[in-house]
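**Q** First the structure, then my questions, so here it is.
Protein chains in written order, with the numbering used here: chain U, 1 to 239; chain W, 1001 to 1239.
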C-alpha cells in the first residue's frame, strides 16, 4: 500500500519519522515523502533537512496520508492552498487520513475535521476547537471514520503501531513493535500536562510559543478558518 | 553545547531523530548532522533521505556525539576508517559519547567499548559481545564513564531525556518531555524480546536479518574486530 508522508518547511521531524519507522516495516508498505515539489525540506530546528521524494501531483491516490505538525511551519502549511487542495482530493479515496501533533490543524484547515472529534499537541487544543473540530484533550489517538489524529510529537509512534494493527492485525503490529524495540522507559513521567507542575507546564508553553506558534499566528488562524470555510462554500455552490 | 549526530548510508532514521528531537530543545543545544562529507544520506528504508550538514573534519571537538544504528548500513559503518578514526579522536574530549541500537557496534569497532558494559538492539547483543563489550540484555540505557549506549531504535528517546537530565537537571528534562508529549501509550506491549511469543520473536528476527544484518555480515564482524584490534595495537606500538 502507498503511504504518503507530507513534508513542509518548519515541520517537526519526529512527528513524521516516528510513524514512518513503524509503517515502513509493514508488509507491502511503499512509503514516499511528498511536498509541493521533490527536494530538501528544512525542519523547525533549522538544522535538520529531510528529502521529499515526490510532488503532490505525482501522488494522486495514496492509501494512507500522514500530516506532521511543526513548531514554526504549521501556520504556513495551514494556508498552503496546494497542500490543502491535495489533502481534500486524496482523502476521498484514502483508506486512512492521519495527523500527528499540530498536523491536525492542517487537516482542520482543509475542512476535514469539521464537527469531528480529534486531538493535537496539548498546547494548541484550543486552536483545534476554533477551527471547528472537537478537541479530545486526554486522548493519545482519536479515530473518527477513516481519520486518525494523534497527540503531540512522540504520539506518532503509538499511532503508527495502531495503524499497523488495523491494517495487518495484531501479530504483525507486535512484530513491528519488537523490531523497533518500543518498550518505552522514559526516565521521567511528565509527558502530559496533567502530570507536571504548573512551573514546568508554563515554561514548556513559553518555549513552544517562542518557537513559532506565536500569539499573532494564533490570532491569524480564525481568519484563515473563515477564508477556508468561505472557499469551501463557494466551491460547493459553484458545482 | 555542540551535539554531533552521525549519519551514514543504511542507518535507521529513528535512532537519530528520536534523540535529536529531545536534545535540540535543551538550552544552548547546537545540533549538527555529520558524515564524511556534507550532503544527502539515504537511510536503510531506501526512501528517506537525511541531510548531513558538516563533515567529520569540520567537527573536531563536539561536546556530545551520537552514533545511530542501521539495519543495512551498520556493517559498512563499522569498517569506515574515517568514521572510526573520528570517533576515537572526538571521544577524548567529548562530555558524552553515545549510541542508539546497533550504533554500539560502531563504537565497539572503534575500540571504545573494550571490556565495558553496553547495550544495543536485542537482535545483535551477541555480536556486541564478540566485539569485546559486555552486553547488558535487559537494560534500556547503559552508562559507563562518559559513554552511554541505548537499546534498539526507539530507546534513543529515553537516552535523549536521560542526557538532558544529566546536562541540565530534572526540571529542564521534564519540560522537554512535555514539549514532545512523550507520554507513551503503545497499543501493544511487545517492545522487548521477553514480552513476546516465540513466533513473534522468530518472525521479527527473520525480518531484521532479511533487512541487512545477514549471517554473512555477522560472520565478517569477528574478522573486522581482529583487524581493528590489530590496527589499534599497531598505533599504540608506533607512538
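For every residue, glycine included, the Cβ atom is placed at its ideal position computed from N, Cα and C.
Could you round the C-beta distance between residue 1178 of chain W and residue 190 of chain U to whole angstroms and report it? I think they count as a contact, below 8 Å.
**A** As a working mapping, residue 1178 of chain W is identified with position 178 in the second chain. As a working mapping, residue 190 of chain U is identified with position 190 in the first chain. Separation of the CB atoms of residue 1178 of chain W and residue 190 of chain U is rounded to 5 Å, and the pair is thereby assigned contact status at 8 Å.
**Q** Can you name, in chain order, every residue of its own chain whose Cβ lies under 8 Å from the Cβ of residue 63 of chain U, other than the five neighbours on each side?
**A** Sequence index remark: in the first chain, residue 63 of chain U carries index 63 (1-based). Excluding sequence neighbours, residue 63 of chain U sits near 1, 2, 3, 94, 95 and 96.
**Q** Quick one: give me the first and last residue of the alpha helix (DSSP H) that residue 1136 of chain W is part of.
**A** Numbered from its first residue, the second chain carries residue 1136 of chain W at position 136. Taken as a continuous stretch (DSSP letters only), residue 1136 of chain W belongs to no alpha helix (DSSP H), as it is neither H nor E.
**Q** Report the CB separation of residue 1047 of chain W from residue 31 of chain U in whole angstroms; it is logged as a contact under 8 Å.
**A** As a position in the second chain, residue 1047 of chain W is number 47, starting the count at 1. As a position in the first chain, residue 31 of chain U is number 31, starting the count at 1. At roughly 5 Å, the Cβ-Cβ gap stays under 8 Å, so residue 1047 of chain W and residue 31 of chain U are in contact.
**Q** Of the choices W:1184, W:1152 and W:1127, whose alpha-carbon is the least far from that of residue 1078 of chain W?
**A** Position 78 of the second chain, counting from 1, holds the residue named residue 1078 of chain W. Here the closest residue by C-alpha is W:1127.
**Q** Whole-angstrom Cβ separation of residue 70 of chain U and residue 102 of chain U, contact assumed at under 8 Å?
**A** Residue numbering aside, residue 70 of chain U sits at position 70 when the first chain is read from its first letter. Residue numbering aside, residue 102 of chain U sits at position 102 when the first chain is read from its first letter. The Cβ separation is near 7 Å, so the contact holds.
**Q** Once DSSP output is grouped into helix, strand and coil, what is the label at residue 27 of chain U?
**A** Counting from one through the first chain, the residue named residue 27 of chain U turns up at place 27. Residue 27 of chain U: coil per DSSP, three-state reduction.
**Q** Locate the alpha helix (DSSP H) running through residue 179 of chain U, then write down its first and last residues.
**A** Numbered from 1 along the first chain, position 179 holds the residue referred to as residue 179 of chain U. Run containing residue 179 of chain U: 170-179, per the alpha helix (DSSP H) assignment.
**Q** Please decide whether residue 157 of chain U counts as near chain W, where near means a Cβ-Cβ distance under 8 Å.
**A** The residue given as residue 157 of chain U occupies position 157 in the first chain. By this cut-off, residue 157 of chain U is an interface position.
**Q** Which of the three DSSP states is assigned to residue 198 of chain U in this structure?
**A** For the purposes of this step, residue 198 of chain U is taken as residue 198 along the first chain, with counting starting at 1. The answer is helix: DSSP assigns residue 198 of chain U an H, G or I state.
**Q** Apart from the five residues just before and just after residue 1037 of chain W, which ones in its own chain have a Cβ nearer than 8 Å to its Cβ?
**A** For the purposes of this step, residue 1037 of chain W is taken as residue 37 along the second chain, with counting starting at 1. Closer than 8 Å at Cβ, skipping near neighbours: 1052 and 1055.
**Q** Compare the beta carbon distance of residue 1131 of chain W and residue 1110 of chain W with 8 Å and say whether it is the shorter of the two.
**A** For the purposes of this step, residue 1131 of chain W is identified with residue 131 of the second chain, where counting begins at 1. For the purposes of this step, residue 1110 of chain W is identified with residue 110 of the second chain, where counting begins at 1. Taking 8 Å as the Cβ cut-off, residue 1131 of chain W and residue 1110 of chain W do not qualify as a contacting pair.
**Q** Can you pull the chain W neighbours of residue 208 of chain U, defined as C-beta to C-beta under 8 Å?
**A** As a working note, residue 208 of chain U is residue 208 in the first chain. Within 8 Å Cβ-Cβ: 1179.
**Q** Is the beta carbon of residue 1050 of chain W closer than 8 Å to that of residue 50 of chain U?
**A** Counted from its first residue, the first chain places residue 50 of chain U at position 50. Counted from its first residue, the second chain places residue 1050 of chain W at position 50. Contact: yes.
**Q** When you check each C-beta in the region 1072-1100 of chain W against every C-beta of chain U, which residues fall closer than 7 Å?
**A** none
**Q** Give, in chain order, every unbroken run of the alpha helix (DSSP H) that is at least 4 residues long and sits entirely within the region 71-137 of chain U.
**A** 74-78, 81-91, 103-109 and 125-130
**Q** Under a Cβ-count criterion, where at least 16 other Cβ atoms within 10 Å of its own Cβ denotes burial, should residue 1081 of chain W be classed as buried or exposed?
**A** The sequence position of residue 1081 of chain W within the second chain is 81, counting from 1. Looking at its Cβ environment, which holds fewer than 16 other Cβ atoms inside 10 Å, residue 1081 of chain W is exposed.
**Q** Buried or exposed, going by whether 16 or more other CB atoms sit within 10 Å of the CB of residue 154 of chain U?
**A** As a working mapping, residue 154 of chain U is identified with position 154 in the first chain. Classification of residue 154 of chain U: buried, given that the 10 Å Cβ count is 16 or more.
**Q** So, are the CB atoms of residue 147 of chain U and residue 158 of chain U less than 8 Å apart?
**A** Here residue 147 of chain U is taken as the residue at index 147 of the first chain, counted from 1. Here residue 158 of chain U is taken as the residue at index 158 of the first chain, counted from 1. Against a cut-off of 8 Å, the Cβ pair of residue 158 of chain U and residue 147 of chain U comes out as no contact.
**Q** Per the DSSP calculation, residue 140 of chain U is bridged to which residue(s)?
**A** Position 140 of the first chain, counted from the first residue, corresponds to residue 140 of chain U. DSSP, once it has assigned bridges, lists no residue as partnering residue 140 of chain U.
**Q** Report the option in W:1163, W:1107 and W:1145 whose CA atom is closest to the CA atom of residue 1020 of chain W.
**A** If you number the second chain from 1, residue 1020 of chain W lands on position 20. Nearest option by C-alpha distance: W:1163.
**Q** For residue 1003 of chain W, write down the residues that DSSP places opposite it in a beta bridge.
**A** For the purposes of this step, residue 1003 of chain W is taken as residue 3 along the second chain, with counting starting at 1. The partner list for residue 1003 of chain W (beta bridge, DSSP) reads W:1031 and W:1064.
**Q** To be precise: take each residue of the region 1143-1173 of chain W, compare its Cβ to all Cβ atoms of chain U, and keep it if any distance is under 8 Å. Which residues remain?
**A** Those residues of the region 1143-1173 of chain W that come within reach of chain U (Cβ to Cβ, closer than 8 Å) are 1151, 1152, 1153, 1154, 1155, 1157, 1158, 1161, 1162, 1165, 1170, 1171 and 1173.
**Q** At least one CB of chain W closer than 8 Å to the CB of residue 70 of chain U: is that the case?
**A** Position 70 of the first chain, counted from the first residue, corresponds to residue 70 of chain U. So, not an interface residue.
**Q** Below 6 Å CB to CB, which residues in the same chain sit around residue 1192 of chain W once its five sequence neighbours on both sides are set aside?
**A** Here residue 1192 of chain W is taken as the residue at index 192 of the second chain, counted from 1. Closer than 6 Å at the Cβ level, and outside the excluded window around residue 1192 of chain W, lies no residue.
**Q** Could you please give the first and the last residue of the uninterrupted beta strand (DSSP E) stretch that includes residue 240 of chain U?
**A** This structure cannot settle anything about residue 240 of chain U, because the visible part of chain U is limited to 1 through 239.
**Q** For residue 1055 of chain W, which residues in chain U fall below 8 Å Cβ to Cβ?
**A** Sequence index remark: in the second chain, residue 1055 of chain W carries index 55 (1-based). Under the 8 Å cutoff, chain U gives no residues; its nearest Cβ is about 15 Å from residue 1055 of chain W.
**Q** Could you run through the region 2-27 of chain U and flag, in chain order, every residue whose CB is less than 8 Å away from some CB of chain W?
**A** 12, 13, 14, 17, 18, 20, 21, 24 and 25
**Q** Kindly list the residues whose CB is nearer than 6 Å to the CB of residue 117 of chain U, restricted to its own chain and excluding five residues on each side of it in sequence; keep chain order.
**A** Position 117 of the first chain, counted from the start, is the residue given in the question as residue 117 of chain U. So the list reads 134, 136, 142 and 144, once near-sequence residues are dropped.
**Q** Please tell me whether residue 1137 of chain W has its Cβ less than 8 Å away from any Cβ of chain U.
**A** For the purposes of this step, residue 1137 of chain W is identified with residue 137 of the second chain, where counting begins at 1. So, not an interface residue.
**Q** In chain U, which residues lie with their C-beta within 7 Å of the C-beta of residue 1203 of chain W?
**A** By one-based count along the second chain, residue 1203 of chain W stands at place 203. Neighbours of residue 1203 of chain W on chain U, chain order: 175.
**Q** Taking all protein chains shown into account, decide if residue 39 of chain U is buried (16 or more other Cβ within 10 angstroms of its Cβ) or exposed.
**A** For the purposes of this step, residue 39 of chain U is taken as residue 39 along the first chain, with counting starting at 1. Counting Cβ neighbours within 10 Å, residue 39 of chain U comes out exposed, since fewer than 16 surround it.
**Q** Taking residue 1067 of chain W and residue 1106 of chain W to be in contact with their CB atoms under 8 Å, please state how far apart those CB atoms are, rounded to whole angstroms.
**A** On the second chain, residue 1067 of chain W is found 67 positions in, with the first residue counted as 1. On the second chain, residue 1106 of chain W is found 106 positions in, with the first residue counted as 1. About 5 Å; that satisfies the 8 Å criterion.
**Q** Using a Cβ cut-off of 7 Å, pull out every chain U residue sitting near residue 1198 of chain W, in sequence order please.
**A** The residue labelled residue 1198 of chain W in the question sits at position 198 within the second chain. Those within 7 Å of residue 1198 of chain W in chain U number zero; the least Cβ separation is about 12 Å.
**Q** Excluding the 5 residues preceding and the 5 following residue 1114 of chain W in the sequence, name in chain order all residues of the same chain whose CB lies nearer than 6 Å to its CB.
**A** As a first step, residue 1114 of chain W must be located in the second chain, where it is residue number 114. Counting only Cβ-Cβ distances below 6 Å, and skipping sequence neighbours, we find 1132.
**Q** So residue 1185 of chain W packs on residue 1152 of chain W, CB below 8 Å; how close in whole Å?
**A** Locating residue 1185 of chain W in the second chain gives position 185, where the first residue counts as 1. Locating residue 1152 of chain W in the second chain gives position 152, where the first residue counts as 1. Actually they are not in contact, since the Cβ atoms of residue 1185 of chain W and residue 1152 of chain W sit about 19 Å apart, beyond 8 Å.
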